[in-house]
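Undergrad: What follows is a single structure, and I will ask about it in a moment.
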Amino acid sequence: MGVSLTHSQRDSSGSLTYAPPMGTLIFDADCGFCTRSASWLQRSEAFDLQAGQFVDDLAVLGLNEVMVSEAAHWCENGFLVASGSDAIGHALIARGGPCKVLGHFTLFPAVRPLAAAVYKVIAKNRHKMPGGTTACRIPQ
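Residues in the sequence shown are numbered consecutively from 31, following our numbering.
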């Protein structure tokens with residue numbers, strides 16, 4: 031999970047400068063709904079997006095293929111920071127703009143249990159969501 035050199039921004043003089051990504055969102059690329067959602071979240075290019083199926087060594091991050099197929103994961107500096115709704119909260123913060131407020135709200139301690147429950151329902155039914163297919167179904 032190296033740092034991507036594709037992240038750049040313009041400084042006050044208009045020159046391009048390197049801006050390191052805030053983190054990496056690992057998602058299930060076998061799921062159309064997950065892929066579309068992750069791509070939407072990453073539009074700002076403020077963080078890296080990595081299909082779990084293509085991460086060289088998931089075990090280094092404390093993950094495995096089953097975990098990647100069941101939830102999104104947020105990593106920073108090569109370490110797993112959050113999974114599920116918390117991972118989405120971090121990605122929303124990194125995306126910036128109005129999404130940043132929603133991300134902080136999602137991670138607020140009083141809201142986290144509700145966000146986790148909503149994430150669980152969406153993950154369980156992701157094959158029924160826009161872009162979802164039967165390949166998105168999580169085995170029960």
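We put the beta carbon where it would ideally sit given N, CA and C, even for glycine.
Using the DSSP secondary-structure output, state which residues sit across from E106 in a beta bridge.
TA: The residue labelled residue 106 in the question sits at position 76 within the sequence shown. Answer is F109.
Undergrad: On the criterion of 16 or more Cβ atoms from any shown chain inside 10 Å, does S113 qualify as buried, or is it exposed?
TA: Working through the sequence shown from its first residue, we reach residue 113 at position 83. By the neighbour-count rule (16 or more Cβ atoms within 10 Å), S113 is buried.
Undergrad: Have a look at N94, V85, A102, E95 and flag the residue whose alpha-carbon is nearest the alpha-carbon of S67.
TA: The count along the sequence shown starts at 1 and reaches residue 67 at position 37. Taking only the C-alpha atoms, the option nearest S67 is A102.
Undergrad: DSSP puts L55 in a beta bridge; with which residues?
TA: Position 25 of the sequence shown holds residue 55. DSSP output for L55 lists L79, W104 as bridge partner(s).
Undergrad: Roughly how many whole angstroms lie between the Cα atoms of A153 and A145?
TA: Sequence index remark: in the sequence shown, residue 153 carries index 123 (1-based). Sequence index remark: in the sequence shown, residue 145 carries index 115 (1-based). Taking the straight line from one Cα to the other gives about 12 Å.
Undergrad: Mark V70 as exposed unless 16 or more other C-beta atoms lie within 10 angstroms of its C-beta, in which case mark it buried.
TA: In the sequence shown, counting from the first residue as 1, residue 70 sits at position 40. For the record, residue 70 in the displayed sequence is Trp; it is not Val. Classification for W70: exposed.
Undergrad: Over what stretch of residues does the alpha helix (DSSP H) that includes D116 continue unbroken?
TA: Here the question's residue 116 lines up with position 86 in the sequence shown. Run containing D116: 115 to 125, per the alpha helix (DSSP H) assignment.
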